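*Asks:*
Residue numbers (our numbering), protein chains in the order written: chain A, 18 to 517; chain B, 317 to 495.
(1) Taking contact to mean 3 or more Cβ pairs, one atom from each stretch, closer than 8 Å, check whether the region 370-379 of chain B and the region 185-192 of chain A are in contact.
(2) Checking contacts by CB at 9 Å: is residue 390 of chain A closer than that to chain B?
(3) Here's a check: name, in chain order, each residue in its chain whose Cβ is nearer than 7 Å to the Cβ of residue 432 of chain B, leaving out the five neighbours to either side.
(4) Buried or exposed, going by whether 16 or more other CB atoms sit within 10 Å of the CB of residue 360 of chain B?
(5) In chain order, which beta strand (DSSP E) runs of at least 3 residues are fully inside the region 43-103 of chain A?
(6) Please list, in chain order, the chain A residues whose beta carbon lies closer than 8 Å to that of residue 580 of chain B.
(7) Whose C-beta lies closer than 6 Å to the C-beta of residue 183 of chain A among residues of the same chain, with five residues either side of it excluded?
(8) Quick check: is the beta carbon of residue 413 of chain B nearer than 9 Å to any beta carbon in chain A?
(9) Could you name the residues of chain B that residue 444 of chain A contacts, counting a contact when the two beta carbons are closer than 7 Å?
(10) How about residue 141 of chain A: is its C-beta nearer than 9 Å to some C-beta of chain B?
(11) Would residue 337 of chain A and residue 168 of chain A qualify as a contact pair, given that the criterion is a beta-carbon distance under 9 Å?
(12) Between the region 458-474 of chain A and chain B, which residues of the former have CB atoms less than 7 Å from a CB of the latter, in chain order?
(13) To test your reading of the DSSP string, which unbroken alpha helix (DSSP H) runs of 4 or more residues are found completely within the region 400-434 of chain A?
(14) Helix, strand or coil, according to DSSP, for residue 206 of chain A in the structure here?
(15) Quick one: measure Cβ to Cβ for residue 236 of chain A and residue 403 of chain A, integer angstroms, because I've assumed they're closer than 8 Å.
(16) With DSSP as the reference, identify every bridge partner of residue 198 of chain A, one or two as the case may be.
(17) Measuring CB to CB, does residue 47 of chain A end up less than 9 Å from residue 357 of chain B?
(18) Return the residues of the region 399-431 of chain A that lie within a Cβ-Cβ distance of less than 7 Å from chain B, sorted by chain order.
(19) Could you pull the start and end residues of the alpha helix (DSSP H) that residue 325 of chain A belongs to?
(20) Specify the secondary structure class of residue 24 of chain A as computed by DSSP and reduced to three states.
(21) Hey, does residue 3 of chain A have any beta-carbon neighbour from chain B nearer than 9 Å?
(22) Identify the contact partners of residue 488 of chain A in chain B, using a Cβ-Cβ distance below 8 Å as the criterion.
(23) Taking Cβ positions, are residue 135 of chain A and residue 81 of chain A nearer each other than 9 Å?
(24) Check whether the Cβ atoms of residue 220 of chain A and residue 436 of chain A lie closer than 9 Å to each other.
(25) Can you tell me whether DSSP reads residue 245 of chain A as helix, strand or coil?
(26) Quick one: using the 10 Å Cβ neighbour count with 16 as the cut-off for buried, is residue 426 of chain B buried or exposed?
(27) Hey, would you say residue 417 of chain A sits closer than 9 Å to residue 238 of chain A, going by beta carbons?
(28) Determine the closest residue to residue 252 of chain A out of A:396, A:407 and A:392, with distance taken between C-alpha atoms.
(29) For a contact defined as C-beta to C-beta under 7 Å, what are the partners of residue 64 of chain A on chain B?
(30) With a threshold of 6 Å on Cβ separation, who are the neighbours of residue 456 of chain A within its own chain once the five nearest residues in sequence on each side are excluded?
(31) Would you grab the beta carbon distance between residue 314 of chain A and residue 63 of chain A for me? Rounded to a whole angstrom, and I think it's under 8 Å.
(32) Check each candidate in A:120, A:358 and A:214 and name the one with the smallest Cα separation from residue 249 of chain A.
(33) Hey, out of A:29, A:110 and A:36, whose CA is closest to residue 316 of chain A's CA?
(34) Roughly how many angstroms separate the alpha carbons of residue 214 of chain A and residue 206 of chain A, rounded to a whole number?
(35) Name, please, each residue of chain A whose Cβ falls closer than 7 Å to the Cβ of residue 344 of chain B.
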């Protein structure tokens, strides 16, 4: 209880509350602008928080992290364009509802479902804390190495139909991480004799290039577009009442979000897919799905908004990010001298609780803000896309240049920006690069520190958790191979039938 | 014959115009890095395999080569798409804005953050096709707001411009500190 009061006391500081308010409202606004997203905002704002006290900086960026998906639902429902990538499924039923003249109902339901998803997820996080505090110390170097390896395997296999591309881009991320001085022997790796490469490639530079600058270049190069949106009339509070009618779908979908969020490398898309499939299978009107089903909309929003808090579980307990945003948050923690991992639960439990409470408060702030200011947000969505591109370009400069005042970093970010444009145009995934960089670094350090204590490589899995993780890796690969072979057999059969 | 068709079906997938160009370039870069492994990440004589500084470069570059080759194969076996050249043109056009960005980066330490941001914002707005007075005013206001928030309030590390040295005393220190 003493720890709880200490956490509450830290959180009630006016600077922390102000940072939380700015982060939450800012996150919603950023999420509502199609193509910007939380990763861009966090990357831009991260250097700006260097000078702030750790909890102030952390809560501001945590606010953006936890609230962007709320805002992303608005353009998904109103103009069929998801604000953030994870709101794509929301367009399936949200936009048809708008076309049927139910825009207000769709927006209200999506906010309410997001709120329920977020709250359920945070409650799970809080309830799991004592378990995490007990389990986390059981993770030594070999377990963390295997968990990171599982994350890499999952992030590659989760990209169905793009496994080869995801694999090569994850490997590219791992490669980017090794460029520069090796941390133990200080030998140079892939510097090609260039001094500017010895300090390595910074994760923030890569993120800003791949997410922010690439989006700016894309928006400035593509045709200008300024969507027109009709104002929402009437109160949005009815959504919470209506959501009660669909409480089963909302809670089960949030459960899928929590479950998938906890597994590194899986994330929102799988959670949404499972929630949507469940909602459709159990619905009395499955034919309505994709044509404006409130259940479909609720499943999508409750599932995706349950992921951020759940994704904090492997991040806080093991220091392993599950997707690009948590990889960004890992950098945020490091910058503010908070090292996620088993020690965090033992040494800084008050900070952990303060973060949970911050997540809880931000959901309330965001819901209140959205219920009263959605019409204001629609004005932001109406901004011409090239103006948004211009603003991102100006803001990206702050993010990259203020890191180390390095022109080399800016040139690298610009290069990654063009690379990001190519990946986006080819519909190739960017996230594996970021996770490859982060998880590759973790794997290298942890394997190196684990191996001297082992007599043979097999000793790597001689502890129960390590064995479970290794078994999980084998099961995941095995299941993927089985599904792949089955699909292949079906394809071959279809070809043979065609030939006859 | 059906076995060959089966092999094709194994690797065929949905793709976009220009995918094969990207696949070739990525594979070529990965293969080049692979040839450089010995020179760019040497193996230490006494260190164990997993402690070798070259171990992870070998793993990552090796995986780049393997997955890059598989991606290339799948791209080559997928049906040919039209519009490859126009897609390459789009990539090049987007590089123009990378150039704009770098000009901005080079100008800030010389001309100062506020003047450069205003000039760059206005120039980019003109380049993007905006001509109206209201848009220009909006862009200039946006530039000022960005500078005030980040440099004046949040005190983000962006150096004052060399040109500020020529300003009169009190203005000079104000501009160097806040704008």
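Just so you know, even glycine gets a beta-carbon here, dropped at the ideal spot from N, CA and C.
Small disclaimer: the values here were computed from a predicted structure and weren't measured.
*Replies:* For this structure:
(1) yes
(2) no
(3) 420, 423 and 424
(4) exposed
(5) none
(6) Past the boundaries of the shown model lies residue 580 of chain B; chain B is included only from 317 to 495, so the question cannot be answered.
(7) 173, 176, 446 and 449
(8) yes
(9) 332
(10) no
(11) yes
(12) 461, 464, 465 and 468
(13) 402-421
(14) strand
(15) 6 Å
(16) A:205
(17) no
(18) 403, 407, 408, 410, 411, 412, 414, 415, 418, 419, 422, 424, 427, 428 and 431
(19) 311-335
(20) helix
(21) Lying before the first or after the last residue shown, residue 3 of chain A is absent from chain A, which here runs from 18 to 517.
(22) The contacting residues do not exist; residue 488 of chain A stays about 22 Å from chain B at best.
(23) no
(24) no
(25) coil
(26) exposed
(27) no
(28) A:392
(29) 472
(30) 165, 168 and 169
(31) Going by Cβ atoms, the distance from residue 314 of chain A to residue 63 of chain A rounds to 33 Å, so no, they are not a contact pair.
(32) A:120
(33) A:110
(34) 9 Å
(35) The contacting residues do not exist; residue 344 of chain B stays about 13 Å from chain A at best.
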